[in-house]
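**Student:** Numbering (our numbering), first residue to last: 329 to 715. Cβ atoms here follow ideal geometry from the backbone N, Cα and C, with glycine treated the same way.
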Ligand code: SAH
């Protein structure tokens, strides 16, 4: 597997300091204000530019954001801004809908990287919950041995604009805003924190999608300094930690990141992570038959989490072709859940959505050289962007 050089040796102390070049859709409102001032334009233009880039299209939320359509931003200003920070849109390459309504999108970045995101309706339609699962990197550097994305190795970090565009495509497809956005697609968000933070700010802005920070979740494999950096971000998104094992011996094998920051270091970071009243850290636990699903594991997990306001999400393994893991039986998953429930920790078994379209957790592995997914572009073509 290809690995970036900083993963071997001591330079990995600062992996999250990567700063990709900025495209126009990655700029925060404050940065747009500065750009507008540099062009000698009055401050109110910054709001117009932000709305032009991120506001709802003429048909309301979820309608097309055709940037060359009529806009109240003067052409000269638009051109000057684009000269400073070009747009680098992602292109929809294909989409496929699973039997349960989960929809996976394949995009191609301007430089040819393939990335995926997934729109997941709630299994109980009356709850009207719609979750968008975004990618923050093409591929992933951390090599979790059970995950499809890891088999790709590391491609590159995505810019904030590329994350924001995944949201807009999801909104266009759904015709509404998602109720929740989770950074649980391809990549490790705390290894690309600056662009992820920008994307959060843009998602939240009332002139854009106006999503509540309480509806945004960052999921990490355990980049401890990244958790500490995330703790300083206000307003804070929700934090999810992929724990996936109860001993360092097993976690080292499943998640090589554990050799950088072991379970004790990870849980110490969770303990010092500031949480608002009534908020909890979500611990994800991918259940792998015969690997991390024993009664001993179920007994150890609550002891590890003692003192941390937590919630546990058990994710029965979604098989990945070629990887040597299996999903445990439904009874095993229930027994595991019950043992944790006894310790008074809220614990849920996350039903896997979209697995028949390889759109479930850990199944995202867009390869640039792979044939395209079955396309369902007709529905999106009406928006004019899928051409
Ligand atoms: N890098 C981040 C986010 C991406 S993975 C992280 O590790 O949290 C999102 C979640 O999917 C993680 O909890 C991960 O452990 C889980 N996952 C990965 N592969 C999986 C698979 N094949 N089946 C079930 N869950 C999986």
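1. In this structure, how does DSSP classify residue 627 when only helix, strand and coil are distinguished?
2. Just to confirm the assignment, what range does the alpha helix (DSSP H) spanning residue 577 have?
3. Look at the Cβ atom of residue 574, then the Cβ atom of residue 615, and state whether they are nearer than 8 Å.
4. Quick one: Cα of residue 526 to Cα of residue 489, how far?
5. Would you call the CB atoms of residue 684 and residue 476 closer than 8 Å?
6. Would you mind reading off the limits of the beta strand (DSSP E) that contains residue 465?
7. Starting from residue 637, trace the alpha helix (DSSP H) in both directions and tell me its first and last residue.
8. If you measure between the beta carbons of residue 611 and residue 571, is that distance less than 8 Å?
9. Below 7 Å, is the gap between the Cβ of residue 547 and the nearest heavy atom of the ligand SAH?
10. Run through DSSP, which three-state label would residue 619 get?
11. Using alpha carbons as the reference points, say which of 581, 401, 444 lies closest to residue 687.
12. Name the one or two DSSP bridge partners that residue 425 has.
13. Can you name the start and end residues of the beta strand (DSSP E) that residue 460 belongs to?
14. What do you reckon, are the CB atoms on residue 667 and residue 693 nearer than 8 Å?
15. Secondary structure at residue 664, three-state DSSP: helix, strand or coil?
16. Should residue 496 be listed as close to the ligand SAH, given that the test is whether its C-beta is under 7 Å from any heavy atom?
17. Cβ of residue 476 versus every heavy atom of the ligand SAH: is any distance shorter than 7 Å?
18. Less than 8 Å between the beta carbons of residue 515 and residue 463, yes or no?
19. Would you kindly report the start and end of the unbroken beta strand (DSSP E) that includes residue 483?
20. Restricting to runs no shorter than 4 residues, where is the alpha helix (DSSP H) found entirely within the stretch 538-619?
21. Using a Cβ-Cβ cut-off of 7 Å (strictly less than) and excluding sequence neighbours within five positions of residue 587, which residues of its own chain qualify?
22. Helix, strand or coil for residue 693 per DSSP?
23. So, at 8 Å on beta carbons, what are the nonlocal neighbours of residue 532 in its own chain, with the 5 sequence-adjacent residues on each side left out?
24. Classify residue 678 as helix, strand or coil using the three-state DSSP reduction.
**Tutor:** Inspection of the coordinates gives the following:
1. Residue numbering aside, residue 627 sits at position 299 when the chain shown is read from its first letter. Note: residue 627 maps to helix in three-state DSSP.
2. Numbered from 1 along the chain shown, position 249 holds the residue referred to as residue 577. Residue 577 -> alpha helix (DSSP H) spans 576-582.
3. Taking the chain shown and counting its residues from 1, one reaches residue 574 at position 246. Taking the chain shown and counting its residues from 1, one reaches residue 615 at position 287. Not in contact: residue 574 and residue 615 (Cβ atoms no closer than 8 Å).
4. Indexing the chain shown from 1 puts residue 526 at position 198. Indexing the chain shown from 1 puts residue 489 at position 161. Taking the straight line from one Cα to the other gives about 9 Å.
5. Residue mapping note: residue 684 aligns to position 356 of the chain shown, counting from 1. Residue mapping note: residue 476 aligns to position 148 of the chain shown, counting from 1. For residue 684 and residue 476, no; Cβs fall outside 8 Å.
6. Within the chain shown, residue 465 is the residue found at index 137, counting from 1. Taken as a continuous stretch (DSSP letters only), the beta strand (DSSP E) holding residue 465 covers 465-467.
7. By one-based count along the chain shown, residue 637 stands at place 309. Where residue 637 is concerned, there is no enclosing alpha helix (DSSP H), because DSSP gives it neither an H nor an E.
8. For the purposes of this step, residue 611 is identified with residue 283 of the chain shown, where counting begins at 1. For the purposes of this step, residue 571 is identified with residue 243 of the chain shown, where counting begins at 1. Residue 571 is positioned such that its CB atom lies closer than 8 Å to that of residue 611.
9. On the chain shown, residue 547 is found 219 positions in, with the first residue counted as 1. Yes - the ligand SAH has a heavy atom lying nearer than 7 Å to the Cβ of residue 547.
10. One-based indexing of the chain shown puts residue 619 at position 291. Correct three-state label for residue 619: coil.
11. As a position in the chain shown, residue 687 is number 359, starting the count at 1. Among 581, 401, 444, the Cα nearest to that of residue 687 is on 444.
12. For this step, residue 425 is matched to residue 97 along the chain shown. Bridge partners of residue 425: 431.
13. Here the question's residue 460 lines up with position 132 in the chain shown. Where residue 460 is concerned, the enclosing beta strand (DSSP E) starts and stops at 458-461.
14. Sequence index remark: in the chain shown, residue 667 carries index 339 (1-based). Sequence index remark: in the chain shown, residue 693 carries index 365 (1-based). No.
15. By one-based count along the chain shown, residue 664 stands at place 336. If DSSP states are grouped into helix, strand and coil, residue 664 belongs with the helices.
16. Walking along the chain shown from the start, residue 496 turns up at place 168. Using a cutoff of 7 Å, the CB of residue 496 does not count as near the ligand SAH, since none of the ligand's heavy atoms is closer than that.
17. Here residue 476 is taken as the residue at index 148 of the chain shown, counted from 1. Yes, the ligand SAH has a heavy atom inside 7 Å of this Cβ.
18. Along the chain shown, read from residue 1 onward, the residue named residue 515 stands at position 187. Along the chain shown, read from residue 1 onward, the residue named residue 463 stands at position 135. Yes. Within cutoff.
19. Numbered from its first residue, the chain shown carries residue 483 at position 155. For residue 483, the enclosing beta strand (DSSP E) begins and ends at 482-485.
20. List check, alpha helix (DSSP H) in window: 552-558, 576-582, 591-600.
21. Along the chain shown, read from residue 1 onward, the residue named residue 587 stands at position 259. Within the same chain, residue 587 has close Cβ partners 580.
22. As a working mapping, residue 693 is identified with position 365 in the chain shown. Looking at residue 693 - three-state DSSP - the assignment turns out to be coil, as it is neither helix nor strand.
23. Against the chain shown, residue 532 aligns to sequence position 204. Excluding positions up to five away in sequence, the list reads 538, 539, 540, 541, 544, 563.
24. Stepping through the chain shown from its first residue, residue 678 is reached at position 350. The three-state reading of DSSP puts residue 678 in coil, since its state is none of H, G, I, E or B.
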